[in-house]
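In our numbering, the protein residues as written are 209 to 408.
Below: the structure, in C-alpha cells.
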Amino acid sequence: MRAGYTLPGVSDAPWNLTGRGVVAAYGGQEAGALMLVRYAASGVGPYDELLWVSLGGEPQVTRIVVSTQQSVVWGRRNWAIPKSRADFAWEGVPGREQVRVTQDGRLLAHLSVRAWGPPVPVTTAVMPAAWRTLTQPPLPEAEDRPSLLTTVSASGRVRPARLSVIGGDFHPALLERRPLLTVAVPGFRMVFPAARARPA
Numbered sequence: 209m210r211a212g213y214t215l216p217g218v219s220d221a222p223w224n225l226t227g228r229g230v231v232a233a234y235g236g237q238e239a240g241a242l243m244l245v246r247y248a249a250s251g252v253g254p255y256d257e258l259l260w261v262s263l264g265g266e267p268q269v270t271r272i273v274v275s276t277q278q279s280v281v282w283g284r285r286n287w288a289i290p291k292s293r294a295d296f297a298w299e300g301v302p303g304r305e306q307v308r309v310t311q312d313g314r315l316l317a318h319l320s321v322r323a324w325g326p327p328v329p330v331t332t333a334v335m336p337a338a339w340r341t342l343t344q345p346p347l348p349e350a351e352d353r354p355s356l357l358t359t360v361s362a363s364g365r366v367r368p369a370r371l372s373v374i375g376g377d378f379h380p381a382l383l384e385r386r387p388l389l390t391v392a393v394p395g396f397r398m399v400f401p402a403a404r405a406r407p408a
C-alpha cells in the first residue's frame with residue numbers, strides 16, 4: 209500500500225487531506241487567490257497542486273493543475289473541479305523554495321516562495337460557511353448535471369511569506385498585480401466532504 213492514502217482503494221468523498229502550501233490573495237476586478245499545495249495524504253495519495261480560486265462572488269476554482277492523474281479523475285468526478293495534470297519540479301527546502309510547473313512542455317508558472325516568523329494557528333471554523341463553500345458549474349463531460357456545492361473545513365498554522373513570480377502564464381493576475389497578502393502554511397488538515405447539488 210502506498211503511504212498517504214486516507215481510504216485505500218476508495219476515492220469517493222469525503223477526503224481527509226494533510227500537507228503544506230502557500231496562499232496568495234489578490235484584489236482588483238478579478239479578486240482571487242493563488243494556492244500552491246503539496247498534499248502528504250489525500251483520498252488518492254500524495255500529490256502537488258496549483259490553483260486559482262475566484263473570489264469576486266461565490267468562490268469557484270476556475271483553473272487548477274495537479275501532479276497525478278488519480279487526482280484529476282476523482283477531483284472532477286467528486287466535486288466538478290476542472291483539474292488537469294501537470295509536472296511540478298521543486299528546488300530548495302520548505303519556507304525557501306522554487307517550483308516550476310509545466311504542462312506538455314509549456315511553462316505555466318515558475319514561482320519562488322520565502323517564509324519567515326513563527327507559525328500562528330488558524331481555523332476555518334470561525335468563517336461563515338458561504339466564504340468556504342465552492343460553487344462549481346458542470347464540467348463538459350457532465351453538462352446535464354447541476355452545479356455542485358462543497359463546504360470545505362480546515363485548520364493549521366500560517367506565517368508571513370513572499371511569493372515571487374519568475375515566469376509563466378497560469379493566471380493574468382500573477383504578472384499584472386502583486387498579492388495583497390501571502391502566507392505560508394507549514395502544516396494543515398482539511399476535509400473535502402461530499403458535494404451537494406445546487407438547488408434549481
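Note that beta-carbon positions come from the ideal geometry of N, C-alpha and C, so glycine has one too.
Note that the structure is predicted; figures quoted are calculated from it, not measured.
Per DSSP, glutamine 237 is not a residue of any alpha helix (DSSP H), being assigned neither H nor E.
By the CB criterion at 8 angstroms, arginine 228 and proline 345 fall outside the cutoff.
If you draw a 10 Å sphere on the C-beta of valine 334, you find fewer than 16 other C-beta atoms in it, and that means exposed. Taken through DSSP and simplified to helix, strand or coil, valine 321 comes out as strand.
Annotation: the continuous alpha helix (DSSP H) that includes arginine 285 extends over 277-287. Note: phenylalanine 396 is bridge-paired with Gly227, Gly364 in the DSSP secondary-structure output. By the neighbour-count criterion, in which 16 or more other beta carbons inside 10 Å mark a residue as buried, glutamine 237 falls on the exposed side.
Assignment of beta-bridge partners to phenylalanine 296 by DSSP yields Val309.
Between arginine 271 and alanine 323, the C-beta spacing is not below 8 angstroms. Straight-line measurement puts the Cα of arginine 285 at about 19 angstroms from the Cα of proline 407. Apart from sequence neighbours up to five positions away, the residues of its chain that approach leucine 382 with a beta-carbon distance below 8 angstroms are Leu242, Ala317, Val373, Gly376, ordered along the chain. Boundaries for proline 302: no beta strand (DSSP E) harbours it, and the DSSP string shows neither H nor E there.
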